[in-house]
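S.K.: Here our numbering is used: the first residue of the sequence shown is 465, the next is one more, and so on.
Glycine included, each C-beta is placed from N, C-alpha and C at the ideal position.
This structure is a prediction, so every number in the text was calculated from the model and none was measured.
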Amino acid sequence: DLTDPYIEDNTGRFINPSDYDDNSQILYSASNSDYLKRTYGLNDAEHIYINLDLGQASHIRVSEYTDHTIFIGTGLGNLYKFENANSNSPSREDITGSNFPTGYISCVELGASENQLLVTFSNYGVTSIFESTDGGATWVSKDKDDNIPDMPVRWALYNPEDRNEVLLATEIGIWYTSDFGANAPQWEPSIDGLANVRVDMLKIRQSDNLVIAATHGRGLFSSTMFQGGTCTATEVANSDKSTTDSVTGTT
């Protein structure tokens, strides 16, 4: 049943994963185990049953390629693709990798199509980065041979102009590779103007590929690293409302 989305709703997580479907104008967010919340506008919301194998959503990603298709990762390390997510009976496909850890899926990133998927985990002591190029039928680990520290990875972002370039938001800043297609990509920190601060989310502006990084406690930073040439990391918002500045470096 449709209800007021802001009253008597104690479902979801403390920092609740969500994603907005611009075309359908539906906000999808985590509810309780095996449930998904859909919010319509400012007044109506509903909780629908979806089988998450007793898991609770830890990340939700709306597809930009197919209407009403979403990807949901859970805190148990399972990954699902749902079609007709706006209906009363979304169809479910389990695309969990056989090599996934039992951990917290922190991000699902889409590449050139729904066949190219990048999944990250935000646990210690697990393999944290996986890619599929066949829609989730098979998965390949992208952190191996000790090429990145053992740390939570909280978000990932492809460069839409060159998907061999990937950014990671981690417990100790931004990490970057230019050879993501390799068997063992070489990761390196990319923190000019940012420092070793926890980063929780990355977003890209499609019109010019400007990247925004949301930190834990130090505000928002922008970067031109996916625009080529020099990298300018600019503090655009912070918690104490002090004057922001820019730092120019190289990528």
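Can you tell me the Cα-Cα spacing of A494 and G600, whole angstroms?
M.R.: The alpha-carbon atoms of A494 and G600 are separated by roughly 22 Å.
S.K.: Whole-angstrom Cβ separation of G681 and A659, contact assumed at under 8 Å?
M.R.: Rounded, the Cβ-Cβ distance is 11 Å, inconsistent with contact.
S.K.: Quick one: is P649 buried, meaning 16 or more other Cβ sit within 10 Å of its Cβ, or exposed?
M.R.: Flag for P649 reads buried.
S.K.: Would S522 and Y568 be called neighbours here (beta carbons separated by less than 8 Å)?
M.R.: In contact: S522 and Y568 (Cβ atoms closer than 8 Å).
S.K.: Relative to the C-alpha of A520, which candidate in Y640, G505, G537 has its C-alpha closest?
M.R.: Per the sequence presented here, residue 520 reads as Gln, with Ala not at that position. Comparing Cα-Cα distances from Q520 to each of Y640, G505, G537, the minimum goes to G537.
S.K.: Find the nearest neighbour of S553 within the set V630, D483, S686, I514, judged by alpha-carbon distance.
M.R.: Ranking V630, D483, S686, I514 by Cα distance to S553 puts I514 first.
S.K.: Assuming E578 contacts Y544 under a Cβ cut-off of 8 Å, what Cβ separation, rounded to an integer in Å, is found between them?
M.R.: Actually they do not touch by this definition, with Cβ atoms about 13 Å apart.
S.K.: What does the Cβ neighbour count give for S671, buried or exposed, with the cut at 16 atoms within 10 Å?
M.R.: With fewer than 16 other Cβ atoms within 10 Å, it is exposed.
S.K.: Can you grab the Cα-Cα spacing for the pair S642 / V572, in whole Å?
M.R.: Taking the straight line joining both Cα atoms gives about 19 Å.
S.K.: Along the beta strand (DSSP E) that carries W639, what are the first and last residues, could you check?
M.R.: Its beta strand (DSSP E) spans residues 637 to 641.
S.K.: Report all residues from its chain with a CB closer than 6 Å to the CB of I559; omit the five preceding and five following residues, and keep chain order.
M.R.: The answer, listed in chain order, is L543, K545, G600.
S.K.: Could you check what DSSP says for M689 in three-state terms: helix, strand or coil?
M.R.: In the structure shown, M689 sits in a helix (DSSP, three-state: H, G or I).
S.K.: I'd like the span of the beta strand (DSSP E) that includes L491, first residue to last.
M.R.: Taken as a continuous stretch (DSSP letters only), the beta strand (DSSP E) holding L491 covers 490 to 494.
S.K.: Would you decide whether G505 is buried or exposed? Buried here means 16 or more other CB atoms lie within 10 Å of its CB.
M.R.: G505 is exposed by the Cβ-count criterion.
S.K.: Please name the residue in A678, R669, G657, A646 whose C-alpha comes closest to that of L632.
M.R.: If we check each option's Cα against that of L632, A678 comes out closest.
S.K.: Of the choices N647, L574, V617, T602, whose alpha-carbon is the least far from that of D609?
M.R.: Comparing Cα positions, the closest option is N647.
S.K.: Which of helix, strand or coil does DSSP assign to M615?
M.R.: It is coil, neither helix nor strand.
S.K.: Measuring alpha carbon to alpha carbon, tell me which of F564, G541, S596, S586 ends up nearest L574.
M.R.: For L574, the nearest C-alpha among the options comes from S596.
S.K.: Count the other C-beta atoms from every protein chain shown that fall within 10 angstroms of the C-beta of P616, then say buried if there are 16 or more, exposed otherwise.
M.R.: Buried is the call here.
S.K.: Under a Cβ-count criterion, where at least 16 other Cβ atoms within 10 Å of its own Cβ denotes burial, should K667 be classed as buried or exposed?
M.R.: Classification for K667: exposed.
S.K.: Is DSSP giving L466 helix, strand or coil here?
M.R.: Confidence is the limiting factor: at L466 the pLDDT is only 48, short of 50, which leaves the residue's position unreliable and the question unanswerable from this model.
S.K.: Let me make sure I understand the geometry here. Which of S527, K501, S570 has the alpha-carbon closest to that of A576?
M.R.: Comparing Cα-Cα distances from A576 to each of S527, K501, S570, the minimum goes to S527.
S.K.: Among the candidates I593, F690, R525, whose CA atom is the shortest distance from the CA of S605?
M.R.: Closest by alpha carbon: I593.
S.K.: Please identify the residue among P481, G539, V661, V630 whose C-alpha is closest to the C-alpha of F585.
M.R.: The shortest C-alpha separation from F585 is found at G539.
S.K.: Drop a sphere of 10 angstroms on the beta-carbon of G692, count the other beta-carbons inside from all chains shown, and report buried for 16 or more, exposed for fewer.
M.R.: So G692 ends up on the exposed side.
S.K.: Threshold first: 3 residues or longer. Then list the beta strand (DSSP E) segments lying entirely within the stretch 496 to 543, N to C.
M.R.: Segments of the beta strand (DSSP E) lying fully in the stretch 496 to 543: 499 to 504, 508 to 513, 521 to 526, 534 to 538.
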